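A short write-up of the structure that comes next.
Number of protein chains: 2
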Amino acid sequence: MVRMPESPESRRYHHGDLRAALLTAAERTLRDKGAASLSLRELAREVGVSHAAPGRHFKDKQALLNALALAGYERLGQALGAADDRALPLERRLTALARTYLGFAIDNAELLELMYARKHDPDASEQMAAAVEQTVGSLERVLADAQNRGEIIEGDPEELNLVTGAALHGMAAFIAGGWLTPEAALAGVEGLVHHLLHGLKPR
Amino acid sequence: MVRMPESPESRRYHHGDLRAALLTAAERTLRDKGAASLSLRELAREVGVSHAAPGRHFKDKQALLNALALAGYERLGQALGAADDRALPLERRLTALARTYLGFAIDNAELLELMYARKHDPDASEQMAAAVEQTVGSLERVLADAQNRGEIIEGDPEELNLVTGAALHGMAAFIAGGWLTPEAALAGVEGLVHHLLHGLKPR
DNA sequence: CATCATTGTTGTCATTGACAGCATTGTTGG
DNA sequence: CCAACAATGCTGTCAATGACAACAATGATG
Chain P
-16 MVRMPESPES RRYHHGDLRA ALLTAAERTL RDKGAASLSL RELAREVGVS HAAPGRHFKD
44 KQALLNALAL AGYERLGQAL GAADDRALPL ERRLTALART YLGFAIDNAE LLELMYARKH
104 DPDASEQMAA AVEQTVGSLE RVLADAQNRG EIIEGDPEEL NLVTGAALHG MAAFIAGGWL
164 TPEAALAGVE GLVHHLLHGL KPR
Chain F
-16 MVRMPESPES RRYHHGDLRA ALLTAAERTL RDKGAASLSL RELAREVGVS HAAPGRHFKD
44 KQALLNALAL AGYERLGQAL GAADDRALPL ERRLTALART YLGFAIDNAE LLELMYARKH
104 DPDASEQMAA AVEQTVGSLE RVLADAQNRG EIIEGDPEEL NLVTGAALHG MAAFIAGGWL
164 TPEAALAGVE GLVHHLLHGL KPR
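Chains as they are written, first to last, in the working numbering: chain P, -16 to 186; chain F, -16 to 186.
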């Protein structure tokens, strides 16, 4: 009396792609109910497996979160890469990049918070580092190009990356943290980039 | 065999100032072992009270975290206020402010992360909002003064606050998140402020 | 000093993450 | 074709935790 499939496709002993299913469910829960109320057992229930099944795919809860964050960075990196049009004039190019980043922050506030909150597993961070690099790389590329073209000042690229990155990151954090509404954020992008490029001092 | 004080002053039925003791212990734990491993019961043990005692002072765990964050904002706000010298020329004044903020981020990385991660209790946020306002206020004051003196461009103050605030916040987040070492951060402050004021475009 | 609000205490519950041991399935080499 | 064997799931169990209820000691107040 054990083998009694309740619906055609459910109840296979092997789920097929549990890992992916868990990640998907996790991200949905994250979006709906926040990172706090993310429980492995709850996920298992949602996906329809036993409470210990997730353990086969994620060593512990942190591993699940790491995977989630990694996926986030990959999507963000890809979005940024796709949004970067080298043909655009600097200010518009940067604005487009910023808009994309902030858009991601708006649509994935909770996820972004997760991504920021690294609990550096020294091994998981290899992949992570690569993913992060790809997101940061987009910005670096824009600035490097601009520097090569003489559109922005010379000087240590690291420093320029830092300023620009910090400003973008700060905005995104404002959004993710709820200090800034999506509307206000998007409305401010243009000004943000402008002021970054032109400075606050009168010319 | 119940009433047997193990040391002179310990073991009073009423702790005297449990609330404060809990907050202190919590902050220490936060600093040492991170926000994740912060348990009410553990705190109770450290302070030497029963596992349910904290419940008298904090409705639930989140309330404790809120109180912690609030205290953080108060300290930060005070530090910023104290560091702001209206007599200083703009760039130095701003740099001093930034240094103070980043210093706080360095010394209280975990706490800062807590402060960013608001779970808006609509009531607790009144006090919180006031505390936040005080920290943000420092920056606003500097920029408003500068604008009055014609040292920076005119235009919507909100927008200027946003850019500057985002850049500072971003740096602090980099520190709190471990992407930036304290040394690198402090070394970059000067450049950050400079680039903010003067812009990235050549003059 | 009798009453009552504060503040602690013990006891209990459901939930959770982690792990151990076993069961089922899929795969691979003989 | 099938006998290992690896992967992947399952059930059972544990200790820790947050939350709550009922009760006890203390302190404040009229």
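All C-beta atoms, glycine included, are put in the ideal place defined by N, C-alpha and C.
All figures in this text were calculated on a predicted structure; none of them were measured in a lab.
Contacts of residue i in chain P (Cβ-Cβ under 9 Å)
{"i": "F:Leu180", "result": "Gly182, Leu183 and Lys184"}
{"i": "F:Leu175", "result": "Glu142, Leu145, Val146 and Ala149"}
{"i": "F:Phe157", "result": "Leu145, Gly148, Ala149 and His152"}
Chain P contact residues for residue i, given Cβ-Cβ distances below 7 Å
{"i": "F:Ala150", "result": "Val146, Ala149, Ala150 and Gly153"}
{"i": "F:Gly55", "result": "Those do not exist, as F:Gly55 stays about 14 Å from chain P at its closest Cβ, beyond 7 Å."}
{"i": "F:Gly171", "result": "Glu142 and Leu145"}
Simplified DSSP assignment, three categories, for residue i
{"i": "F:Pro72", "result": "coil"}
{"i": "F:Val146", "result": "helix"}
{"i": "P:His177", "result": "helix"}
{"i": "P:Met(-16)", "result": "Below a pLDDT of 50, predicted positions are generally treated as unreliable, and P:Met(-16), at 30, falls in that range; the measurement from the model is reported next regardless. In this structure, P:Met(-16) counts as coil in the three-state DSSP scheme."}
{"i": "P:Asn131", "result": "helix"}
{"i": "P:Val172", "result": "helix"}
{"i": "P:His(-3)", "result": "coil"}
{"i": "P:Glu(-8)", "result": "In this prediction, P:Glu(-8) has a pLDDT of 46, which is less than 50 and means its spatial position is unreliable; what the coordinates show is noted afterwards. Note: P:Glu(-8) maps to coil in three-state DSSP."}
{"i": "P:Gly182", "result": "coil"}
{"i": "F:His152", "result": "helix"}
{"i": "F:Gly161", "result": "coil"}
{"i": "F:Val125", "result": "helix"}
{"i": "F:Glu141", "result": "helix"}
{"i": "P:Leu21", "result": "coil"}
{"i": "F:Val32", "result": "coil"}
Cross-chain neighbours of residue i in chain F, by beta carbon under 9 Å
{"i": "P:Ile136", "result": "His178, His181, Gly182, Leu183, Lys184, Pro185 and Arg186"}
Sequence-distant residues of the same chain with beta carbon closer than 6 Å to residue i, five excluded per side
{"i": "P:Gly123", "result": "The amino acid occupying residue 123 of chain P in the given sequence is Glu; Gly does not appear at that position. Correct list, in chain order: Asn144."}
{"i": "F:Phe41", "result": "Leu47"}
{"i": "P:Glu10", "result": "none"}
Residues near residue i in its chain [Cβ-Cβ closer than 8 Å; skip 5 each side]
{"i": "P:Glu93", "result": "Leu13, Arg14, Gly17, Ala18 and Ala159"}
{"i": "P:Asp68", "result": "Arg76 and Ala79"}
{"i": "P:Tyr56", "result": "Met98, Met111, Ala114, Val115, Gln117 and Thr118"}
{"i": "P:Pro140", "result": "Glu123, Leu126, Ala127 and Gln130"}
{"i": "P:Phe157", "result": "Leu163 and Ala168"}
{"i": "P:Arg39", "result": "Leu1"}
{"i": "F:Leu179", "result": "Leu77, Val146, Thr147 and Ala150"}
{"i": "P:Arg186", "result": "none"}
Contact set between residue i and chain F, taken where Cβ atoms lie within less than 7 Å
{"i": "P:Glu96", "result": "Ala100"}
Beta-carbon contacts of residue i that lie in its chain and below 7 Å, excluding the five residues immediately before and after
{"i": "P:Arg129", "result": "Reading off the sequence, residue 129 of chain P comes out as Ala, not Arg. Excluding sequence neighbours, P:Ala129 sits near Leu73 and Ile135."}
{"i": "F:Lys44", "result": "Leu23"}
{"i": "F:Val125", "result": "Asp67, Arg76, Leu77 and Leu80"}
{"i": "F:Glu137", "result": "Gln130"}
{"i": "P:Glu29", "result": "Ala8"}
{"i": "F:Ala62", "result": "Thr83 and Phe87"}
{"i": "F:Glu173", "result": "Thr78"}
{"i": "F:Leu6", "result": "Ala50, Leu51 and Ala54"}
Where in the region 39 to 120 of chain P do unbroken runs of the beta strand (DSSP E), each at least 3 residues long, occur, reported from the N-terminal end onward? None, since the region 39 to 120 of chain P contains no complete beta strand (DSSP E) of that length.
With a threshold of 8 Å, are at least 3 pairs of Cβ atoms found where one atom belongs to the region 149 to 158 of chain F and the other to the region 147 to 163 of chain P? yes
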